[in-house]
Structures are given as C-alpha cells and as structure tokens.
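Residue numbers (this note's numbering), protein chains in the order written: chain A, 45 to 586; chain B, 324 to 820.
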Amino acid sequence: MSPPLLPSQLFLCYFTLFVVTLFFWGPDKVRRGLWDMLMYRSPAWSSQGVPAGPKKPPSELLGLQITLLCLGAVLSRAMAAAAYELLVLGGGSGGLAGARRAAELGARVALVEPHRLGGTCVNVGCVPKKVMWNAAVHAEFIHDHPDYGFETSGVRFNWRTIKEKRDAYVRRLNEIYENNLNKARIDIIHGYGKFTADPEPTIEVNGKKYTAPHILIATGGFPSVPPDSEVPGASLGITSDGFFELEELPRRSVIVGAGYIAVEIAGILSTLGSKSSLLIRRDKVLRTFDSLISTNCTQELENTGVEVWKHSRVQAVTKSPSGLLEVTVMSSAPGHKPTMEVIRDVDCLLWAVGREPNSKDLCLDRVGVEVDARGHVVVDKFQNTSRKGVYAVGDVCGRALLTPVAIAAGRKLAIRLFGGQRDAHLDYSNIPTVVFSHPPIGTVGLTEDEAIFAHGKDNVKIYTTSFTPLYHAVTQRKVKCVMKLVCAGKEEKVVGLHMQGLGCDEMLQGFAVAIKMGATKADFDNTVAIHPTSAEELVTMR
Amino acid sequence: TRHLHFSKFIGKPEYDLLVIGGGSGGLACAKEAAQFGRKVAVLDYVEPSPPGTKWGLGGTCVNVGCIPKKLMHQAALLGSALKDAQHYGWNIAHPVHHNWSEMAQAVQNYVKSLNWGHRIQLQDKKVKYFNVKGSFSDPHTIRGLTKGGKETILTAEKIVIATGGRPKYPIHVAGALEYGITSDDLFWLKESPGKTLVVGASYISLECAGFLTGIGLDTTVMMRSIPLRGFDQQMASLVTEYMESYGTKFLKKCIPTKVEKLESNRLQVTWKNTDSGTEETDSFDTVMWAVGRAPDTKALNLETVGVKTNSETGKIIVDAREATSVPHIYAVGDITEGRPELTPTAIAAGKLLAQRLFGQSSELMDYDNVPTTVFTPLEYGCVGLSEEKAVQCYGSDNIEVYHAYYKPLEFTVAERDATQCYMKMVCLREREQRILGLHFIGPNAGEVIQGFALGIKCGATYPQLMKTIGIHPTCAEEITKLHITKRSGLDATVTGC
Numbered sequence: 045m046s047p048p049l050l051p052s053q054l055f056l057c058y059f060t061l062f063v064v065t066l067f068f069w070g071p072d073k074v075r076r077g078l079w080d081m082l083m084y085r086s087p088a089w090s091s092q093g094v095p096a097g098p099k100k101p102p103s104e105l106l107g108l109q110i111t112l113l114c115l116g117a118v119l120s121r122a123m124a125a126a127a128y129e130l131l132v133l134g135g136g137s138g139g140l141a142g143a144r145r146a147a148e149l150g151a152r153v154a155l156v157e158p159h160r161l162g163g164t165c166v167n168v169g170c171v172p173k174k175v176m177w178n179a180a181v182h183a184e185f186i187h188d189h190p191d192y193g194f195e196t197s198g199v200r201f202n203w204r205t206i207k208e209k210r211d212a213y214v215r216r217l218n219e220i221y222e223n224n225l226n227k228a229r230i231d232i233i234h235g236y237g238k239f240t241a242d243p244e245p246t247i248e249v250n251g252k253k254y255t256a257p258h259i260l261i262a263t264g265g266f267p268s269v270p271p272d273s274e275v276p277g278a279s280l281g282i283t284s285d286g287f288f289e290l291e292e293l294p295r296r297s298v299i300v301g302a303g304y305i306a307v308e309i310a311g312i313l314s315t316l317g318s319k320s321s322l323l324i325r326r327d328k329v330l331r332t333f334d335s336l337i338s339t340n341c342t343q344e345l346e347n348t349g350v351e352v353w354k355h356s357r358v359q360a361v362t363k364s365p366s367g368l369l370e371v372t373v374m375s376s377a378p379g380h381k382p383t384m385e386v387i388r389d390v391d392c393l394l395w396a397v398g399r400e401p402n403s404k405d406l407c408l409d410r411v412g413v414e415v416d417a418r419g420h421v422v423v424d425k426f427q428n429t430s431r432k433g434v435y436a437v438g439d440v441c442g443r444a445l446l447t448p449v450a451i452a453a454g455r456k457l458a459i460r461l462f463g464g465q466r467d468a469h470l471d472y473s474n475i476p477t478v479v480f481s482h483p484p485i486g487t488v489g490l491t492e493d494e495a496i497f498a499h500g501k502d503n504v505k506i507y508t509t510s511f512t513p514l515y516h517a518v519t520q521r522k523v524k525c526v527m528k529l530v531c532a533g534k535e536e537k538v539v540g541l542h543m544q545g546l547g548c549d550e551m552l553q554g555f556a557v558a559i560k561m562g563a564t565k566a567d568f569d570n571t572v573a574i575h576p577t578s579a580e581e582l583v584t585m586r
Numbered sequence: 324t325r326h327l328h329f330s331k332f333i334g335k336p337e338y339d340l341l342v343i344g345g346g347s348g349g350l351a352c353a354k355e356a357a358q359f360g361r362k363v364a365v366l367d368y369v370e371p372s373p374p375g376t377k378w379g380l381g382g383t384c385v386n387v388g389c390i391p392k393k394l395m396h397q398a399a400l401l402g403s404a405l406k407d408a409q410h411y412g413w414n415i416a417h418p419v420h421h422n423w424s425e426m427a428q429a430v431q432n433y434v435k436s437l438n439w440g441h442r443i444q445l446q447d448k449k450v451k452y453f454n455v456k457g458s459f460s461d462p463h464t465i466r467g468l469t470k471g472g473k474e475t476i477l478t479a480e481k482i483v484i485a486t487g488g489r490p491k492y493p494i495h496v497a498g499a500l501e502y503g504i505t506s507d508d509l510f511w512l513k514e515s516p517g518k519t520l521v522v523g524a525s526y527i528s529l530e531c532a533g534f535l536t537g538i539g540l541d542t543t544v545m546m547r548s549i550p551l552r553g554f555d556q557q558m559a560s561l562v563t564e565y566m567e568s569y570g571t572k573f574l575k576k577c578i579p580t581k582v583e584k585l586e587s588n589r590l591q592v593t594w595k596n597t598d599s600g601t602e603e604t605d606s607f608d609t610v611m612w613a614v615g616r617a618p619d620t621k622a623l624n625l626e627t628v629g630v631k632t633n634s635e636t637g638k639i640i641v642d643a644r645e646a647t648s649v650p651h652i653y654a655v656g657d658i659t660e661g662r663p664e665l666t667p668t669a670i671a672a673g674k675l676l677a678q679r680l681f682g683q684s685s686e687l688m689d690y691d692n693v694p695t696t697v698f699t700p701l702e703y704g705c706v707g708l709s710e711e712k713a714v715q716c717y718g719s720d721n722i723e724v725y726h727a728y729y730k731p732l733e734f735t736v737a738e739r740d741a742t743q744c745y746m747k748m749v750c751l752r753e754r755e756q757r758i759l760g761l762h763f764i765g766p767n768a769g770e771v772i773q774g775f776a777l778g779i780k781c782g783a784t785y786p787q788l789m790k791t792i793g794i795h796p797t798c799a800e801e802i803t804k805l806h807i808t809k810r811s812g813l814d815a816t817v818t819g820c
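Written out as structure tokens, the structure is:
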C-alpha cells in the first residue's frame, strides 16, 4: 500500500495538471506565453513589442508536453521522498518498531542508522546472548546424559562453530530487518544523524539535512568502561560488545559487575569451561532484585563454579609480556582489613558495570532536548522530550532497558502520532523480566522490600517455596528452584513474583498476564495445576 | 436408613473418613481431612498387571503415569539435545548408545523414593495406612484383604472411593493379553523394549511412542481413527506430524487382529488396513496397548451398598459435590464419570471434598478451564475450549482465532524444523474478546501454559493479553504478540522480533 500524499505533494500534482491544462486548452495568450517559457524566451504576455508567436503550438510538441507531464510526476515523487513525517534516529528495537508502525499507519518515514540494523538486541544483546546461553545449557545436558542412560564420551566444545553459526544467524536477522523496512517503504539513511541548529528540528546525516514534523530518538546505549584515570589499564578489558567478537573461548575470565549482564556472561563462560571470576562490589549480585533472587543467584553462581569475589574492586590492569592480563583486585569486606590480590594469566577481562545512553553526539542542546545528569533523554509518559515534535524511546531514556519495552513504547508512540489515539502510551508497571542465568531467573512486579515500602509490613504476605525440579530427580547434578509470591492487602493481590530455576524463563509470561490483570492469591489457588511441571508449584503454594 | 447402616456394629464407626485408593486424589483427600483433626485411614492395594508388574503407594501418577512418563520424556529430549549440541559447537562421538536399564533403574529408584515419601507423609499426618484390597460389605463397613488373604474389617462414618483406573486390553484380539504389555508395565521393564508397536491414539500412546523414539528405539504407532480425541484436532495433527518427522512410524486406519509369538521370541502382529482392506503383518519385540483406561469398580462390591455406576464405562456417577448415589459415600479422580483423568484435578477435588466434609467449606471443584499438557516430543499445552468446541458453542461467526507459526530461537541455530511450532488463541468476537481457549505447541509447553491458564481463569481478554510486555527472547512471548486472525487469511508466520 502506498502512503497517501502530503499537502505539498498534492499541490505540486495539481499545479502540474493546471499548467498542462492551460497549455492545451487555455487562452491563446497564455498558451503562447507558456510555450515561450518552455523555449527559454520571455513570455509573450510580459513584452508587448515582441511579434506574436505561432497561433497554436505545433502538434509535434505533444511529445514535449508529455515530457513535461512526466517531469511533474517525477518531481512530485522526489519531493515526497524528501518530505518525511517521521524521522527515526536508530535502527534498534524501539526505532524499528516505531518506524514500522508509523509506516503501517500511512506516514512517510525515514530511519537513520550508522551500523547494522537491529540495534543492541539483535547484534550484541538478547539474541546472540541467548544463543550462547543455549550452547551453555547443552553443557549442562551433557553432564546429565549418563544419568538418563546416554553413553557419551570424548565430548569437546568448539567455540568457533557456535560463533560462526551465531554470526550467520544475526546477519540473517539484519537482512530480515532491512527487508521489513523496504517492504514498509521506509527509507534507510546510512550514517550518523545529529541535530542542527536550524529553527525547526532538523537532522544532518553525512552533510545532508532532513527534517520532519516528528523526530524519534531511539539511539540506545553502550556498555561503559571505567576511565583509565580511575582504573589504570581498564581499557585493556572488553565489554559485552567485545564478548560477541571473541574468536576463542577464554581460558581465564574476569567479569566485573553485579548486574544481569555480568551474571549472564559469567554463567555462559563458566559453563562452557572458562575458569571465571566475578568481581562484585558488595556481597551479592543483582542487588535491585528481590532478596530471594539475589541471594540464590549468588549461591548458584558459586555452585556452578564461578569464583565470586565479594566486596572487590579492580585497582589496576597490566599486560604481561605474554599478552595476558594481570588484574589487581582490592577486597575489603566490612570489618576486615583490605587485601590486595592479583589474578594472573587473564585472557578476558570484561566490564559489565552499566550502560550509558547514546546521546552525547546527537547535539541535543541545539534543539533544547533535555537530558539528565547521566545523559539519558528526559521523557514524559507519552515519550515526549522537552522539545515539541521530538520524542525518545528505549535505552536512551534509561528506563527498563528491555527490547520489548522499547518495541511497545515505539509502537504506542506511532499509534498516538499517526493512529489518532491521542492517549496511547506504554504502561511501565509489571514488566516481566528474565535473566538467562544458570538456572534462569524470572521476575515481575514488586520485590518484597518494595511491597513493604508501598503497602506497609502488615499488609504484605509472602509465600515461598524451594524444590528440586523433576528433571533433576534422576541426575547427580541437583539445581533447586526457588519461588516467591509477594501479596498485598486483605484480598492478597499478587503484586510480585520472583523465581529462579529450570524453566522459569518460559514460565513467567502467562503469570505476568495474570498479575497485570490484578490476580489474587485465591485466583492462583483456583487454577488447576499442570502435572508434572515446575510452574504448577506457583498455583499450589501454601 | 441410618439406623439400618449402623446395625452391624455397636456405637460410633472406628474412622471419620476411610479412603479406598492411595493415589493422587485419595491421598490428597485423606491428608487434608487429617489436618482437621479427624481419624482417617487409607486403603491401597495394587493388583498386579497381567504380565505381573506391581508397585507401591501413590497411584497411577507416581508409579505408572505422569512421573515416570515425564522422566522418560526428559531422557528423549536429551536424546534430541545430543543432535542439537553439534550445531552449538559440541563435538560428540557418534553413534551415542542409550542404555535402557540405566535409565529405567534411575526412574524406578526415584519412584520408589516417592512411594516411601507418601508413607512418611501419611504417618506424619497421622493417617492410618492399610495395604489391603478393600470392598464394601455394608455402607459403613469395608472388608480389606491382604495379599496373603488375611481379612481386616474397617468401619467409617464417611467413605471416599478413589481407586482410579487401569489400562484396557483389547480382549477380542487373539494373543493381546498373553503377549502384550500396557503402560502399567512399560516403565518397570528392566530391559529395553526394543522394536515396539504402540496401539492406540490417546495421549498415553503418543507420549510413550514419542519417548521410545527419542531414546533411539524403532517405534510404530497403530491407530484406528483420529489422534488425541477430545483435543483440538488441528493441534493433534501437528503433534503427530512432528512425531512422523521425528522418526515415529504411523500405521493409520489399522486395526490389530492377532498377536503371535515367533520362535525367535519376537511378536508377530497382524492387522487389517481399513483403507486398503488388506491384511498386513510385521514383527516386534514389544507390543504395548494404549487403547483406553477403565475403572475397576467390580471388585468394590458397589451393588451391595447401592452406589450407582455408568453401565457403559463402569465409572461412578457423582454430583458437583463428588457425592455418589449413597449420601455418605463420595468418589474422586479417574473413577468418577465425566471428570478429566488428571492428577491435579483429582488432588484439588480430593482436598476440596475434605474441606467440605470436615472444614465447614462449601467450595466446589471448578472443572472449567483445566489446563493440560501432552508430553509428546514437541509438547502440546492447552487450556479452555478447542476451536471445534468453540465453533459448536458460539458459532464460527462469533469467535475470532488468532494464530501464529513461530520459530523457537533454540531451533534456529540447531537448524531444526519448526513447521509444527504453532499456537492459537480462540476468543469471542464481540468487543471484549474474552479468551475461550489457548493452544500451544512447542518446547516447554507445560511451563508456558500454566500462567496463561491462571489469566484465562481470571477472565482474560485479548486486549488484556496484548497489554502485557513480552519476555525476549522466549517462546512464551509469542502468545502476547498474536495478531493474525484466521479469518484474515493472512500468512501467520512470525518474522523477526
């Protein structure tokens, strides 16, 4: 379906039609004048002295007239290409979703992206991460094979195989995204877009200016690395971006950070056979999660062989002549004297200490788009920035850094701008999240602490359970599953669900639907279980 | 009549509640009743199967159902994981041999630990356990017989029958009983069943055939008509389609006529192909019947006390309170007429019954929107109405079916065919679009569907489902992204994120 024409395009079309009509059927004087103009002469009506031209334009001029018509059409097409209604900066989850939905609703859209399409999720995030997690899950399966009667021997892991397959898959997705944009007739502008100082918000890409009544910032973020001034040699390390470029499985890995990215990468590397240390500043990982999860996850990391260095910070990094790194770590547990230790022969030092927004090089100050102290674009619940006609979605806003959130926000915005639903906006409450740790974590809603803070201790009731999933009934390797329901008020409305265990990744989604609907503990109890699953434990809690 | 019932003994009956059958429903009911401080006893006795298999306390689910089935299904999944692992960079020397005895031993040990666990739980809850076969001698008196023929007489105020069901044999097929086994025996085999013929198209048949194929055995399913009767038929055919591509052989529209033992000790099966009208034959190491289950009500001597059964199915007729035609006698689980044959419904019904009997509760078991999962190689989970049923109840003009063919991320790198990974949601078409049924085929279907079952039980509508943010990258998130209707005729294949 081709998008409807803009007023300017329409005007051009009508104007061309008008001129052509005049040429054929207009008063002689006008026709002659037009003819003169076409012949690069002063029009007859402007100079009285010039002898009158032919009474009628010669009929062989018909070809020329057609040329004129075509020219008009081409011109209007070219104009249409330049006159966008929505410009999107960033071809990641949020930008792509917003652009496509806007195009579906009939808007002329262009998308500016300097790199491959798909953004963080597809290229250096969720997708390749989950592929690597799956590879690691196979390591666990292989461990369990003998317990289930399979006689395997001489198992070896080849990092290159999975890296090649993963890269090929990601490239395929890049192509799919490009095709999707082409199919939606969205123009892709390859290059780095920044705002200009023009009176109307304008984007400049490779020296060319583009403008539109609506501009969406969806430039995402990037992993941060401490400056060398703070941690000498820090730049010798890589980040999650670099993780996906590794050509071999590191023999000795040091991962710094306690967030979910640190937890996931440490889990993958360790499970695949790299000796891994995780350096955290406090005593637990995932400190913003419910205490059950942060405690259990820390425990599970240790169980699966990750060396967790608590109360630890990297002091310095040096490169030895062999090319391997030496990481000096200071550990200072409360009540203990700080100790200094060196981790040697490290071939992979990975910083997972947070992400920063891609906002600095956008020249946002030129259009008066407000950013916070960390550079996140400040938006309201409608994704409006402080500048009219400029919006932002996704990681660049610094809130709920998740692909589906960016997608949903992008779509809602498009619906609001081009779908006539003036109130459309994303509800940021009860967003379910999964961490692909070993075993995976699923969580939605309030933590116990948050619920107590919001409802008061007396109004919060907690249900917990811990069990060994049936899968592990016959395996030597035992990994328990823990679950917690946070309920509030007399009616025991379930306001939080937190779990870690086999299958929790696929388990959460449906429960998130119910919790968003306001399900109570009684509703959970009234749901018939599916036996034997782990999920049934959530509807049989006492 | 009460006076008459008490005529055979003097004073109060010995027990407040007597439960016949120590399976999922019976144990749940007994333990719950004991929580109210009542004097409770459970009678359990396992009549050996025709080939002689017997087991301990816990009923079908624990011994010859859900638990061993799911464990062997897990083994089969690991078998497929071996193939996937190559694509994920794992070099594994092939061929990989599967050792049945090893697996079976592990499964059986686990089941035995559960038998033990159930006995401990009864002890802890002060429920008396008798390993006797019970039958009614009068409405309040049960006569129990031990294996050795010793008699015990027990009297109770209230009695719950929860003796479940057992697999049926096709008695008209010569050699069926003599040479065939059922699911009662399969999980307790010490040696591999080898090349196996599974007869039947029920979920039990398909699940068993699925895991046998998965651990590398030559497996054939023989079915007379349609697979998974009662389930959504579009989903059912996808399930069997996948099994075919997975390596399970199917003999469709075939009816077995006889089983003979060959000199080689193999079993020669003869059947009639009703399509071609021809008679065909092949030999197998094992023939397993999965042609349905039936209750063993005869042994209970129900006629003496007047408990009514359905003459066709033999099942006990109960009302919404699980009460039989005799006021103080109740029944739960597989033995009851018209109820789903599922462990969780038996457990829930047993608990609620005990709460009504002794806990001043009036809450009834709600048998609507019972979720279930078929653990075939590609799992199938569902809750609510099938599309056929929805059309029948509401008319095709009044329902909207959203559907999608999706590709699980774990399949892409492993280059696995995802043709049958499919889901559909059946909704009312009116403005609110309440969800009537949800059907999902794919990995972890059981884990995926449970939460949605809760949502649907809460009355979820299509817009409510769409409001929930997806979890990326999972299979479950595809449900929250369903947007293509069947009516539109558009391609329902999911592309990209």
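A virtual CB, placed ideally from N, CA and C, is assigned to each residue, including glycine. What you are looking at is a predicted structure, and each value in this text was computed from that prediction instead of being measured.
At a CB-CB cut-off below 9 Å, which residues of chain A make contact with residue i?
{"i": "H726/B", "result": "Those do not exist, as H726/B stays about 17 Å from chain A at its closest Cβ, beyond 9 Å."}
Can you give me the C-alpha to C-alpha distance between residue i and residue j, rounded to a whole angstrom?
{"i": "W203/A", "j": "Q409/B", "result": "11 Å"}
{"i": "V166/A", "j": "N218/A", "result": "8 Å"}
{"i": "I309/A", "j": "S320/A", "result": "10 Å"}
{"i": "Q397/B", "j": "N422/B", "result": "14 Å"}
{"i": "S120/A", "j": "T255/A", "result": "Note that S120/A has pLDDT 48, beneath the 50 cutoff, so the model's placement of it is unreliable and the number below is only indicative. Using only the alpha carbons, I get a separation of about 17 Å."}
{"i": "G360/B", "j": "L340/B", "result": "11 Å"}
{"i": "K435/B", "j": "G379/A", "result": "50 Å"}
Determine whether the Cβ of residue i lies closer than 8 Å to any Cβ atom of chain A.
{"i": "L777/B", "result": "yes"}
{"i": "H287/B", "result": "Coverage of chain B is limited to positions 324 through 820, which leaves residue 287/B absent and any answer about it impossible."}
{"i": "C531/B", "result": "no"}
{"i": "K790/B", "result": "yes"}
{"i": "A404/B", "result": "yes"}
{"i": "V736/B", "result": "yes"}
For residue i, go through chain A and note every residue whose CB falls closer than 7 Å to its CB, in chain order.
{"i": "E770/B", "result": "G547, E550, M551, T577, S578 and A579"}
Going by beta carbon distance, what residues of the same chain come within less than 7 Å of residue i, once the five residues before and after it are set aside?
{"i": "V518/A", "result": "D191 and Y192"}
{"i": "G264/A", "result": "G134, G136, G163, T164, N402, G438, D439 and V440"}
{"i": "D272/A", "result": "A278 and S279"}
{"i": "V614/B", "result": "K491, P493, V522 and G523"}
{"i": "S709/B", "result": "F554, D555 and G760"}
For residue i, which residues in chain B fall below 8 Å Cβ to Cβ?
{"i": "D23/A", "result": "There is no way to answer for residue 23/A, as the model of chain A reaches only from 45 to 586."}
{"i": "A146/A", "result": "Within chain B, no residue comes near A146/A; the closest Cβ sits about 17 Å away, beyond 8 Å."}
Under 8 Å between C-beta atoms, does residue i make it to chain B?
{"i": "E195/A", "result": "yes"}
{"i": "A228/A", "result": "no"}
{"i": "Y515/A", "result": "yes"}
{"i": "G97/A", "result": "The predicted position of G97/A is uncertain, since its pLDDT is 45 and thus under 50; a value taken from the coordinates is nonetheless stated next. So no, G97/A is outside the interface."}
{"i": "Y507/A", "result": "no"}
{"i": "I206/A", "result": "yes"}
{"i": "M123/A", "result": "With a pLDDT of 48 at M123/A, under the threshold of 50, the modelled position of this residue cannot be trusted; read the value that follows with caution. False, the Cβ-Cβ gap to chain B never drops below 8 Å."}
{"i": "M527/A", "result": "no"}
Looking only at its own chain, which residues have a Cβ that is under 8 Å from the Cβ of residue i, when we skip the five neighbours before and after it?
{"i": "M748/B", "result": "V724, Y725, H726, I758, G760, L761, H762, Y785, L788, I802 and L805"}
Name the chain B residues whose beta carbon is nearer than 9 Å to that of residue i?
{"i": "V594/A", "result": "The question about residue 594/A has no answer, for chain A in this structure spans 45 to 586."}
Could you work out which residues of chain A lie near residue i, taking near to mean beta carbons separated by less than 8 Å?
{"i": "T695/B", "result": "I574"}
Residues in the same chain with beta-carbon distance under 6 Å from residue i, minus the five sequence neighbours each way, listed in chain order, please.
{"i": "M280/B", "result": "Any property of residue 280/B remains undetermined from this structure, which presents chain B solely from 324 to 820."}
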